[in-house]
Structures are given as C-alpha cells and as structure tokens.
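Residue numbers (my numbering): 9 to 283. Even for Gly, the Cβ is constructed at its ideal location relative to N, Cα and C. For reference, the structure is listed below as structure tokens.
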C-alpha cells in the first residue's frame, strides 16, 4: 500500500497489504500503481489481474500552496477535490495542522466526502505562526485495498496578524477652535508582520467620520509603522459631537482583508457658537 507521496513503490516490489495478501507492482507512475494480487495457495497458481488504483487529489493552487501566507483568524478556505477510481463513492479526508514552532498538532477529519466534489478547509483555524505544515490525507475503502490512503504535504505556511488598536484609552477632551484651526490628533497602533518573508506587505489606513469614509485621509503603512504608535490629524469638524473610526486593510494571497474598526468620540466646540 502506498501511504504517501514519499513512499513510492517500484516495479516488481512485493507489498504485504492489510488484507493479508501479497501484491506485486506491475507498473508505477507519479500517481498510479498497478498491482496484481499473488496467489499463495499450495497449487502455486499465478496471481490475479486485479488492478489496485491509487488515490488522487486536485488542489486549487490559488487557495493554497507551499509557503503561502494567511491572515490569522480571517475567513479563508483552501479547496481540494479528492478522486479515486475504486468502487468507493466517498472518501475520508483528514487535515493535520502542525505548528512547527510549538510542536503542537491539531487534526480535523471530514467523513463521507463524495469523490470528485469540492471540499473546503477553513484556514482560519491555523495558529499564529511563521512555520506551519498542513498534511491532507485521503482515505478510501475497497475490497482489495482496505484503508488505502495517500497524503499531500504543504510546508512553509505562515499566518500574520492584520489589525488596528488604540494606543491608549485616555479621555478625549473637546476640541476648541475657530474655522482656521481645531485639528485633533488621534493615536493608533496598526498591527502587521515585521519579518523578512512579509517585508513588502503594505496596509492602508481608512478613516470614517460619522459612518462615512473620508478618503482624503487614506494613508499607506509599511512594516516601519506596524506595532508601534502612529498619529493622524483630523481636521476640524462641525460644532458638536462626532464619531471617528479607524481601520486598516491589506491584500494577502490576492484576498482583500479589512480589519475591525476602532472608534473615538470627539466633540468640536466653536468659540462663536453658544449652542
């Protein structure tokens, strides 16, 4: 039985299968092993011509590949399509997530996956780590190769945190000013990766005033801005209370990510307005 891509049979190999029978490998390709079950009775008869068909896995490489980076906790799916030419209509898929930084592994099993159907795996379960290995195992049952399985390994996967938080929770006093002044400085901390692998990743700062995005405040942030206090000057607004919200966005693996917002309640007071 071929249990993984790393355990390839060779022509003329003899394999003792879990059904208690010996199989002789007749021919091998990258994904297929054709075998004949050997007779072991005292009569010395020749082996049968039963073919043992390997398992296959189609991968949507736009959703997962070696060294891919994902946003920690963000909704994202890797897409796989299991195939087998055995008599089975369904297979079992196991997703093993190994955090190589901590040595901790989590396994997720999906049963009764129809062969030829799209199966998604929720990548938001990945831990925050710079070194993750995802092993996808497809297991089928048939009368000649019980529990036949193959595994596909994706190395070098990483997750990064994208987000924004307040630099402090200090009370924001009312801004006093006339039409020519009254700017308010807001402090925030954009969360992002600072490692070499993601050194070119950029984030965009978004500013919302009373629920509407003020595009004139859009600012590009790089890793020199990440995880440290940044400031932005908000121009004087109309007399009264206003809600200022900040968020950051980034594009990772061709997927646009917009963070949650942080909110500031700010009041502007016109010195000539007595209301």
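Proximity of residue 240 and residue 215 at Cβ, strictly below 8 Å: In contact: residue 240 and residue 215 (Cβ atoms closer than 8 Å).
Residue 135 versus residue 167 - alpha carbon distance: Roughly 7 Å separates the two Cα atoms.
Every unbroken beta strand (DSSP E) inside the segment 65-146 [3 residues or more]: For the segment 65-146, whole beta strand (DSSP E) runs of length 3 or above, ordered along the chain, are 77-79, 85-92, 98-107, 112-122 and 127-130.
Extent of the continuous beta strand (DSSP E) run through residue 266: Counting along the chain, residue 266 sits inside the beta strand (DSSP E) bounded by residues 263-266.
Member of 220, 206 and 81 whose CA lies at the smallest distance from the CA of residue 132: Measuring from the Cα of residue 132, the nearest candidate turns out to be 81.
Short Cβ contact (8 Å threshold) for residue 85 with residue 78: Not a contact, by the Cβ cut-off of 8 Å.
Inter-residue spacing [alpha-carbon to alpha-carbon] between residue 203 and residue 161: Rounded to whole angstroms, residue 203 to residue 161 spans 24 Å at the Cα level.
Within 8 Å, strictly: CB atoms of residue 197 and residue 236: By the CB criterion at 8 Å, residue 197 and residue 236 fall inside the cutoff.
Any beta strand (DSSP E) of 3 or more consecutive residues that is wholly inside the segment 205-236: Within the segment 205-236, the complete beta strand (DSSP E) segments at least 3 residues long are 211-217 and 227-229, listed from N- to C-terminus.
Beta-carbon separation (whole angstroms), residue 109 vs residue 137, contact threshold 8 Å: Contact between residue 109 and residue 137 is confirmed by a C-beta separation of about 5 Å, below the 8 Å threshold.
Short Cβ contact (8 Å threshold) for residue 66 with residue 89: Yes. Within cutoff.
Straight-line Cα distance separating residue 116 from residue 157: Rounded to whole angstroms, residue 157 and residue 116 show a C-alpha spacing of 16 Å.
Beta-carbon spacing of residue 123, residue 92 below 8 Å: Yes, they are a contact pair.
Beta-carbon separation (whole angstroms), residue 103 vs residue 76, contact threshold 8 Å: The pair is not a contact, with the Cβ atoms about 15 Å apart (cut-off 8 Å).
Enclosing beta strand (DSSP E) for residue 278 [first to last residue]: It spans 270-278 - the beta strand (DSSP E) in which residue 278 sits, taken as one unbroken run.
Local conformation of residue 201 per DSSP, three classes: Under the three-state reduction of DSSP output, residue 201 falls in the coil class, being neither helix nor strand.
Burial state of residue 21 (16 or more Cβ within 10 Å): With fewer than 16 Cβ atoms within 10 Å of its Cβ, residue 21 is classed as exposed.
Chain-order list of residues whose beta-carbon lies under 8 Å from that of residue 121 (same chain, five-residue window excluded): Within the same chain, and ignoring the five residues on either side of residue 121 in sequence, the residues whose Cβ sits closer than 8 Å to its Cβ are 90, 98, 99, 100, 101 and 127.
Spatial distance of residue 143 from residue 105 (CA atoms): If you take the alpha carbons of residue 143 and residue 105, they lie about 7 Å apart.
Where residue 148 falls: helix, strand or coil (DSSP): Three-state result, residue 148: strand.
Cβ neighbour criterion (16 or more within 10 Å) applied to residue 111: Here residue 111 is exposed, its C-beta having fewer than 16 other C-beta atoms within 10 Å.
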